[in-house]
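There are 2 protein chains.
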Amino acid sequence: MSIVTFLGFVAAALTTGSFAPQAIKTIRTKDTRSISLFMYLLFSTGTLLWLIFGLLSSNMPIVVANAITLVFAIIILMYKIKYRETRETM
Amino acid sequence: MSIVTFLGFVAAALTTGSFAPQAIKTIRTKDTRSISLFMYLLFSTGTLLWLIFGLLSSNMPIVVANAITLVFAIIILMYKIKYRETRETM
Numbered sequence: 005m006s007i008v009t010f011l012g013f014v015a016a017a018l019t020t021g022s023f024a025p026q027a028i029k030t031i032r033t034k035d036t037r038s039i040s041l042f043m044y045l046l047f048s049t050g051t052l053l054w055l056i057f058g059l060l061s062s063n064m065p066i067v068v069a070n071a072i073t074l075v076f077a078i079i080i081l082m083y084k085i086k087y088r089e090t091r092e093t094m
Numbered sequence: 005m006s007i008v009t010f011l012g013f014v015a016a017a018l019t020t021g022s023f024a025p026q027a028i029k030t031i032r033t034k035d036t037r038s039i040s041l042f043m044y045l046l047f048s049t050g051t052l053l054w055l056i057f058g059l060l061s062s063n064m065p066i067v068v069a070n071a072i073t074l075v076f077a078i079i080i081l082m083y084k085i086k087y088r089e090t091r092e093t094m
């Protein structure tokens, strides 16, 4: 494996795995006040499209990375929708 | 452009752009309590590595998408570090 390919794997692991601590924190505290609803709506939709893109282009690394990220993003989004304040914006 | 390539562009625009509303919300409210510090440490590092990966492999879409995302991620991270509670975990 080249150093560039290795760098790509590390980058993918970090950006995919980074949503785990946010999901854990959100599940534990049920506090979603400073999290942007609009961010997780756009991000979850984008991750779903990446997943479909990966499936259609038979690119397994894209499929795996985005399937994992989508699970975390949907969890955070569901908590945000359930526990958000009524008059909150964005 | 094929439908699959178009899908990839839409997916990239959504996942990259999704961090803008979070950055705007964070700048406006200075409220970062429910945001995970650990997420943005991992995510910013990962995005920086994606940027380097894109530069080394001369992949301009990866460079552009991750350069934009990195700006938003660093803004959110800086606000989180500046305005976090002392005894906060994760």
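Top to bottom, those sequences are chains A and B.
Residue 26 in this note's numbering sits at position 22 of the first sequence, and the numbers go up by one each step.
Residue 10 in this note's numbering sits at position 6 of the second sequence, and the numbers go up by one each step.
Glycine included, every Cβ here is placed at the ideal spot set by N, Cα and C.
Just so we're clear, the structure is a prediction, and the values are computed from it rather than from any experiment.
Does DSSP put Ser48 of chain A in a helix, in a strand, or in coil?
Sequence index remark: in the first sequence, residue 48 of chain A carries index 44 (1-based). Three-state result, Ser48 of chain A: helix.
When you measure from the CB of Ile56 of chain B to every non-hydrogen atom of the ligand NAD, does any distance come out below 7 Å?
This structure lacks the ligand NAD, and indeed carries no ligand of any kind.
Measure from the alpha carbon of Gly21 of chain A to the alpha carbon of each residue in B:Ser61, B:Ser38 and B:Phe42, then state which is nearest.
Locating residue 21 of chain A in the first sequence gives position 17, counting from the first residue. Closest by alpha carbon: B:Phe42.
The alpha helix (DSSP H) that contains Met64 of chain B, what's its start and end?
If you number the second sequence from 1, residue 64 of chain B lands on position 60. That run of the alpha helix (DSSP H) goes Met64 to Tyr87.
I need the DSSP call for Ile28 of chain A, collapsed to helix, strand or coil.
One-based indexing of the first sequence puts residue 28 of chain A at position 24. Looking at Ile28 of chain A - three-state DSSP - the assignment turns out to be helix.
Which residues, taken in chain order from the region 27-38 of chain B, show a beta carbon closer than 8 Å to some beta carbon of chain A?
Ile28, Lys29, Thr30, Thr33, Asp35, Thr36, Arg37 and Ser38
What did DSSP end up calling Met43 of chain B once you bin it into helix, strand or coil?
Locating residue 43 of chain B in the second sequence gives position 39, counting from the first residue. Three-state DSSP puts Met43 of chain B in a helix.
Exposed or buried, Ser62 of chain A, counting other C-beta atoms within 10 Å across all chains shown (16 or more means buried)?
For the purposes of this step, residue 62 of chain A is taken as the residue at position 58 of the first sequence. With fewer than 16 other Cβ atoms within 10 Å, it is exposed.
Using beta-carbon positions only, say whether Leu59 of chain B and Val67 of chain B come within less than 8 Å of one another.
In the second sequence, counting from the first residue as 1, residue 59 of chain B sits at position 55. In the second sequence, counting from the first residue as 1, residue 67 of chain B sits at position 63. In this structure, Val67 of chain B lies closer than 8 Å to Leu59 of chain B by Cβ.
Work out the CA separation of Ile72 of chain A and Ser38 of chain B for me, nearest whole Å.
For the purposes of this step, residue 38 of chain B is taken as the residue at position 34 of the second sequence. For the purposes of this step, residue 72 of chain A is taken as the residue at position 68 of the first sequence. Cα-Cα distance, rounded: 22 Å.
With Thr19 of chain B as the anchor, note down where its alpha helix (DSSP H) starts and where it stops.
Residue 19 of chain B sits at position 15 when you count from the first residue of the second sequence. That run of the alpha helix (DSSP H) goes Ile7 to Gly21.
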